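Student: What follows is a single structure, and I will ask about it in a moment.
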Amino acid sequence: MKRLCWATCVATAVAVAAVFASGPGASAQEVHKGTLYGDMQTVTQDMLSRAAGDGNNFLHTNGNYAQTRYYPARQINTSNVSKLRPAWVFQTEVSESMETTPIVVNGVMYVTTAFNHVYALNAKTGEELWHFKHNMGPITTYCCGPNNRGVAVSGNKVFMGTLDAKLVALDAATGKQLWEAEVADPEQGYSETMAPTVVDGKVLIGTNGGEYGIRGFVKAYDAETGKLLWSFDTIPENSVGVWATHDATGRDMHRDIAAEKAALAKMGDPYKTLGGGVWQNPAVDLESRRIYFVVGNPSPDLDGSVRPGDNLYTDSLVSLDLDTGKYVCHFQYIAHDVWDLDAVSPPILTMVKDKDGKMVKGVLHGGKTGHVYVHKADDCSLIRFSEAMVPQENMWALPTKEGTRMLPGANGGVEWSPMAVNPDLELVYAINLHQPMNYFVEGTPYPEGKLWLGGAFKVIPTEEQWGNVTAVDYDSGKIRWKVKTAQPMIGGILATAGGLVFTGEGNGQFKAYDAETGSQLWAFQAGAGVNAPPASYTVDGKQYVVVAAGGNAQLNYKRGNNIIAFTLAD
Amino acid sequence: MRPAFRLFGCLCLCLAVLSGPPAAAQEAPAKAAVCAGCHGENGVPTGPLVPVIWGQEFYYLYVQLRDFAAGRRKSEVMTPIAEELSKDDMKALAGWFSKQTWPTIRHEVPSDAQTAEALKFDTAGQCSACHLGGFNGNSRVPRLAGQTASYLLQTMTAFRDKTRLNAPDMNNIMAGSSDETLAATAAYISAR
Numbered sequence: 079m080k081r082l083c084w085a086t087c088v089a090t091a092v093a094v095a096a097v098f099a100s101g102p103g104a105s106a107q108e109v110h111k112g113t114l115y116g117d118m119q120t121v122t123q124d125m126l127s128r129a130a131g132d133g134n135n136f137l138h139t140n141g142n143y144a145q146t147r148y149y150p151a152r153q154i155n156t157s158n159v160s161k162l163r164p165a166w167v168f169q170t171e172v173s174e175s176m177e178t179t180p181i182v183v184n185g186v187m188y189v190t191t192a193f194n195h196v197y198a199l200n201a202k203t204g205e206e207l208w209h210f211k212h213n214m215g216p217i218t219t220y221c222c223g224p225n226n227r228g229v230a231v232s233g234n235k236v237f238m239g240t241l242d243a244k245l246v247a248l249d250a251a252t253g254k255q256l257w258e259a260e261v262a263d264p265e266q267g268y269s270e271t272m273a274p275t276v277v278d279g280k281v282l283i284g285t286n287g288g289e290y291g292i293r294g295f296v297k298a299y300d301a302e303t304g305k306l307l308w309s310f311d312t313i314p315e316n317s318v319g320v321w322a323t324h325d326a327t328g329r330d331m332h333r334d335i336a337a338e339k340a341a342l343a344k345m346g347d348p349y350k351t352l353g354g355g356v357w358q359n360p361a362v363d364l365e366s367r368r369i370y371f372v373v374g375n376p377s378p379d380l381d382g383s384v385r386p387g388d389n390l391y392t393d394s395l396v397s398l399d400l401d402t403g404k405y406v407c408h409f410q411y412i413a414h415d416v417w418d419l420d421a422v423s424p425p426i427l428t429m430v431k432d433k434d435g436k437m438v439k440g441v442l443h444g445g446k447t448g449h450v451y452v453h454k455a456d457d458c459s460l461i462r463f464s465e466a467m468v469p470q471e472n473m474w475a476l477p478t479k480e481g482t483r484m485l486p487g488a489n490g491g492v493e494w495s496p497m498a499v500n501p502d503l504e505l506v507y508a509i510n511l512h513q514p515m516n517y518f519v520e521g522t523p524y525p526e527g528k529l530w531l532g533g534a535f536k537v538i539p540t541e542e543q544w545g546n547v548t549a550v551d552y553d554s555g556k557i558r559w560k561v562k563t564a565q566p567m568i569g570g571i572l573a574t575a576g577g578l579v580f581t582g583e584g585n586g587q588f589k590a591y592d593a594e595t596g597s598q599l600w601a602f603q604a605g606a607g608v609n610a611p612p613a614s615y616t617v618d619g620k621q622y623v624v625v626a627a628g629g630n631a632q633l634n635y636k637r638g639n640n641i642i643a644f645t646l647a648d
Numbered sequence: 002m003r004p005a006f007r008l009f010g011c012l013c014l015c016l017a018v019l020s021g022p023p024a025a026a027q028e029a030p031a032k033a034a035v036c037a038g039c040h041g042e043n044g045v046p047t048g049p050l051v052p053v054i055w056g057q058e059f060y061y062l063y064v065q066l067r068d069f070a071a072g073r074r075k076s077e078v079m080t081p082i083a084e085e086l087s088k089d090d091m092k093a094l095a096g097w098f099s100k101q102t103w104p105t106i107r108h109e110v111p112s113d114a115q116t117a118e119a120l121k122f123d124t125a126g127q128c129s130a131c132h133l134g135g136f137n138g139n140s141r142v143p144r145l146a147g148q149t150a151s152y153l154l155q156t157m158t159a160f161r162d163k164t165r166l167n168a169p170d171m172n173n174i175m176a177g178s179s180d181e182t183l184a185a186t187a188a189y190i191s192a193r
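In structure tokens form, the structure reads like this:
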């Protein structure tokens with residue numbers, strides 16, 4: 079059986095989790111105090127570290143520190159998923175784009191909405207325990223919807239990043255704010271939409287802003303006090319790099335290196351406004367004490383003339399030392415990107431075959447190019463890349479004033495949507511977009527916090543759009559199966575030990591597929607776009623699958639405000 | 002078909018229905034008096050090319066005043082007014098207007114053809130990615146829903162023709178759009 083050496087045996091971890099999970103009957107009296115299951119101060123580092131094998135809770139946005147989104151419970155499985163029914167529906171007070179992953183701790187669920195509301199719910203019934211609404215400042219700057227992707231939990235606290243670029247810590251039992259840290263200045267284009275990651279008392283968070291000329295970072299805060307512990311600039315003061323002329327797959331990017339060198343001599347290194355946001359969770363390797371994250375696009379997106387050089391570390395996988403925030407290694411997929419085909423979907427740690435067939439610790443990333451990239455974790459180097467999951471045409475034709483048609487469009491072949499892994503099948507699951515676009519370039523100077531694309535990417539309305547759910551063998555790079563969907567896909571995917579994968583669509587369909595074959599086994603119409611990553615948990619011996627149905631701002635899918643939990647019909 | 006929105010300019014003023022008094026009891030800044038001349042005593046603009054600013058986003062209003070004063074956004078009417086305002090004046094005005102209730106104005110219902118054209122344009126330009134579902138805006142992105150169609154058309158045309166330059170990416174998004182497309186989009190959004 080191929081598993082990560084740091085991954086916990088499922089059986090052991092389920093047993094551990096069961097010890098931590100106090101039964102609901104024992105705490106019935108406390109319901110009236112708003113503390114359903116014990117004192118809600120139960121999220122230990124040990125629980126967070128063993129989450130990959132925890133069949134009761136869902137403790138991380140992407141399931142566990144390795145970000146496999148592989149849930150170990152198998153009560154809901156291929157043989158009975160057809161009997162999956164809604165257990166409850168919770169309606170939030172915000173009907174706008176939902177990208178949240180529900181977090182479940184001992185029968186209590188924490189969900190967020192657009193504009194930074196947090197709800198604590200009884201995960202068995204959907205009953206509201208508390209509701210926190212962030213006191214939003216008057217200035218927010220974000221490109222693609224007022225999204226929030228969820229909370230992180232640790233000890234007795236719940237952590238959330240906000241649209242006005244703050245990090246807040248709440249009391250998990252009451253929802254009262256314990257501290258607030260100002261992460262960056264929203265007037266300059268910074269905002270927070272990602273769920274934080276908490277590890278060993280550190281709250282890790284990056285930033286949005288690649289469309290506004292920010293200088294990206296990842297920061298670590300003290301979970302107890304909110305004090306800044308370390309900060310890593312994703313754009314080094316020397317961002318020039320090696321003048322790479324080809325992308326990670328070996329294709330010519332048609333750079334005019336001589337013109338770039340001349341521009342560099344004239345204007346200097348553009349690092350101060352070069353973008354490089356990090357707005358998805360890092361994977362954490364507790365064994366090597368490293369984190370792995372991907373860095374987004376350079377600013378301005380489409381106009382490379384004002385940013386000569388490779389624009390390090392944009393469009394890259396980057397690894398840091400967890401304890402110090404110091405650089406360890408990186409791999410750049412596209413140097414000097416002028417298509418916004420950057421690196422967004424959160425990386426996954428899993429054991430992979432290297433080029434010689436030897437098992438090594440690996441990192442998977444679903445690129446906007448439409449490839450799954452497979453790296454060696456120790457030095458970030460590329461082992462292989464998968465077959466393209468979506469059509470690629472005219473790559474890498476440069477954007478023009480008149481518009482250049484190139485595929486994938488700027489929302490990519492895989493957007494921010496997290497992938498999932500089934501380690502037994504050696505498959506990684508991605509959701510894809512096919513959205514033909516024309517790329518236009520129009521140079522404008524840095525507009526000090528205003529949107530700065532340096533042109534436009536425009537969908538070609540006369541061309542067909544669609545999506546895929548794709549399973550890729552990461553040890554061969556071959557596509558195992560692919561299912562076409564009616565619309566481009568955005569939101570995320572969950573794999574389970576029950577041999578299933580769950581994902582939703584913009585038209586409201588939420589579906590379960592056979593992880594091995596791609597056969598559709600179940601579907602539910604949610605009434606609004608299901609464009610958030612699903613999660614799963616178990617309470618009182620019943621497994622649930624939960625997902626938010628709130629639509630999506632970026633692709634304009636029908637908005638809603640529902641959290642829907644499913645379980646098997648009796 | 003010429004869009005019906007051109008007819009509504011005068012009509013809407015006569016038929017304007019205010020949705021009750023503003024919730025904010027706070028007194029208007031003294032310098033707001035001059036604004037009422039065009040933007041209306043009760044938030045209903047006095048002319049077809051004047052935007053609704055009651056209930057508009059605070060930060061958007063503040064940035065526009067700043068840009069008028071700095072010459073980044075050109076207007077023979079607004080520039081001399083904004084030039085006389087301090088930053089604190091601008092913030093006070095933007096804050097007060099943002100707290101007022103957006104007036105309910107009667108809008109012409111767009112035709113099916115206009116709606117189809119507007120939806121096609123929204124898909125291409127991804128308008129709702131920033132202006133949000135319902136085109137309600139947020140912070141530095143203005144609310145468009147319920148805005149006068151004639152003002153929306155004027156604004157989109159000015160972006161397309163590069164006569165308004167204080168939001169460079171709007172120039173890029175509007176570039177190459179036909180008069181008909183912009184008129185349909187203005188009619189569609191204003192009636193949201």
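Heads up: the sequence lines are chains A and B, in that order.
Heads up, the first sequence is in this note's numbering, so the first residue is 79 and it goes up one at a time.
Heads up, the second sequence is in this note's numbering, so the first residue is 2 and it goes up one at a time.
For every residue, glycine included, the Cβ atom is placed at its ideal position computed from N, Cα and C.
Remember, predicted model here, so these are calculated numbers, not experimental data.
(1) Tell me, which residues are paired with A/LEU306 by DSSP?
(2) Could you pull the start and end residues of the beta strand (DSSP E) that B/VAL51 belongs to?
(3) In chain B, which residues lie with their C-beta within 8 Å of the C-beta of A/ILE217?
(4) Which residues in chain B sit within 7 Å of A/PRO525, going by Cβ to Cβ distance?
(5) Whether or not the stretch 349-366 of chain A and the stretch 287-304 of chain A are in contact is what I'm after, with contact meaning three or more pairs of Cβ atoms, one per stretch, closer than 8 Å; do they touch?
(6) Any chance the stretch 48-63 of chain B sits against the stretch 93-100 of chain B, with 3 or more Cβ pairs inside 8 Å?
(7) Using the DSSP secondary-structure output, state which residues sit across from A/GLY353 in a beta bridge.
(8) Alpha carbon to alpha carbon, what distance is there between B/LYS75 and A/ARG471?
(9) Would A/THR522 pass as an interface residue toward chain B - the criterion being a Cβ-Cβ separation below 8 Å?
(10) Between A/SER495 and the rest of its own chain, which residues show a CB-CB distance below 8 Å, the 5 nearest in sequence each way excluded?
(11) Suppose the cutoff is 6 Å on Cβ atoms and the five residues either side in sequence are ignored; what does the same chain contact list for A/VAL438 look like?
(12) At a CB-CB cut-off below 7 Å, which residues of chain B make contact with A/ALA631?
(13) Quick one: using the 10 Å Cβ neighbour count with 16 as the cut-off for buried, is B/GLU42 buried or exposed?
(14) In chain order, what residues of the same chain lie with their CB nearer than 6 Å to the CB of B/ALA114, ignoring the 5 residues before and after it?
(15) Which term fits B/LEU50, buried or exposed, when burial requires 16 or more other beta carbons within 10 angstroms of its beta carbon?
(16) Let me know the secondary structure DSSP gives B/ALA97 once reduced to three states.
(17) For B/GLU84, which three-state DSSP category applies?
(18) Taking B/PRO169 as part of the alpha helix (DSSP H), name the residues at either end of that continuous run.
(19) Closest to A/ASN585 by C-alpha separation, out of A/ALA573, A/THR548, A/TRP544, would be which residue?
(20) Assuming A/GLN587 and A/VAL608 are in contact, meaning their beta carbons sit under 8 Å apart, how far apart are those beta carbons, in whole angstroms?
(21) Taking DSSP as the reference, what is the three-state secondary structure of B/VAL64?
(22) Please give me, in chain order, every unbroken run of the alpha helix (DSSP H) with length at least 4 that falls completely inside the stretch 478-525 of chain A.
(23) Report the CB separation of A/THR242 from A/VAL320 in whole angstroms; it is logged as a contact under 8 Å.
(24) DSSP three-state call for B/MET157: helix, strand or coil?
(25) Less than 8 Å between the C-beta atoms of A/ALA326 and A/PHE210, yes or no?
(26) Just the C-alpha distance for A/LYS479 and A/SER160, rounded to the nearest angstrom, thanks.
(27) In or out: A/GLN632 buried (at least 16 other Cβ within 10 Å) or exposed?
(28) Tell me whether B/PHE69 sits in a helix, a strand or coil according to DSSP, three-state version.
(29) What residue range is occupied by the uninterrupted alpha helix (DSSP H) comprising A/GLN621?
(30) Quick one: is A/ALA606 near chain B, going by C-beta distance under 8 Å?
(31) On the three-state DSSP scale, how would you describe A/MET467?
(32) Compute the Euclidean distance between the alpha carbons of A/ASN140 and B/ASP89, then round it to the nearest angstrom.
(33) Taking DSSP as the reference, what is the three-state secondary structure of A/GLN123?
(34) Indicate whether A/ASN546 and A/VAL452 have their beta-carbon atoms separated by less than 8 Å.
(35) So that I know if they touch, is there some Cβ in chain A lying closer than 8 Å to that of B/ALA71?
(36) Helix, strand or coil, according to DSSP, for B/GLN127 in the structure here?
Tutor: Quick answer:
(1) According to DSSP, A/LEU306 bridges with A/TYR299.
(2) It is not in any beta strand (DSSP E) - B/VAL51 carries neither H nor E in the DSSP assignment.
(3) Result: TYR60, SER140, ARG141.
(4) Those are PRO169, listed as they occur along chain B.
(5) Remark: three or more beta-carbon pairs, one from each stretch, lie closer than 8 Å, so the stretch 287-304 of chain A and the stretch 349-366 of chain A are flagged as touching.
(6) Contact holds: three or more Cβ-Cβ distances are below 8 Å.
(7) For A/GLY353, the pairing in a beta bridge is given by DSSP as A/ARG293, A/PRO376.
(8) A small correction: the amino acid at residue 471 of chain A is Glu; Arg does not occupy that position in the sequence shown. Rounded to the nearest angstrom, the two C-alpha atoms are 42 Å apart.
(9) Closer than 8 Å: yes.
(10) The beta carbon of A/SER495 is closer than 8 Å to those of SER423, GLY444, ALA508, ILE509, MET567, ILE568, GLY569, GLY570, ILE571, PRO611 in its chain, skipping five residues each way along the sequence.
(11) When the five nearest sequence neighbours on each side are left out, the beta carbons in the same chain lying within less than 6 Å of the beta carbon of A/VAL438 are those of ASP432, LYS454, in order along the chain.
(12) Near A/ALA631 (Cβ distances below 7 Å), the residues of chain B are SER129, ALA130, LEU133, GLY134.
(13) So B/GLU42 ends up on the exposed side.
(14) None.
(15) The residue is exposed, with fewer than 16 neighbouring Cβ atoms inside 10 Å.
(16) Looking at the sequence provided, one finds Trp at residue 97 of chain B rather than Ala. When secondary structure is reduced to three states using DSSP, B/TRP97 falls in the helix class.
(17) B/GLU84 falls in the helix class under three-state DSSP.
(18) For B/PRO169, the uninterrupted alpha helix (DSSP H) segment begins and ends at 169-175.
(19) The shortest Cα separation from A/ASN585 among A/ALA573, A/THR548, A/TRP544 belongs to A/TRP544.
(20) Contact flag correct, Cβ pair sits at about 7 Å.
(21) Shown here, B/VAL64 sits in a helix according to DSSP, grouped into three states.
(22) Runs of the alpha helix (DSSP H) lying entirely within the stretch 478-525 of chain A, each at least 4 residues long, are absent.
(23) Residue 242 of chain A is actually Asp in this sequence, not Thr. In fact, because the Cβ distance is near 38 Å, the residues do not count as touching under 8 Å.
(24) The answer is helix: DSSP assigns B/MET157 an H, G or I state.
(25) The answer is no: Cβ separation not under 8 Å.
(26) Distance between the alpha carbons of A/LYS479 and A/SER160: 52 Å.
(27) Classification for A/GLN632: buried.
(28) Under the three-state reduction of DSSP, B/PHE69 is assigned to helix.
(29) Run containing A/GLN621: none in the alpha helix (DSSP H); it sits in the beta strand (DSSP E), 620-627.
(30) Chain B, which has no Cβ nearer than 8 Å to the Cβ of A/ALA606, makes this no.
(31) Here A/MET467 sits in coil by DSSP.
(32) The alpha-carbon atoms of A/ASN140 and B/ASP89 are separated by roughly 45 Å.
(33) The answer is helix: DSSP assigns A/GLN123 an H, G or I state.
(34) Taking 8 Å as the Cβ cut-off, A/ASN546 and A/VAL452 do not qualify as a contacting pair.
(35) So, not an interface residue.
(36) In the structure shown, B/GLN127 sits in coil (DSSP, three-state: anything other than H, G, I, E or B).
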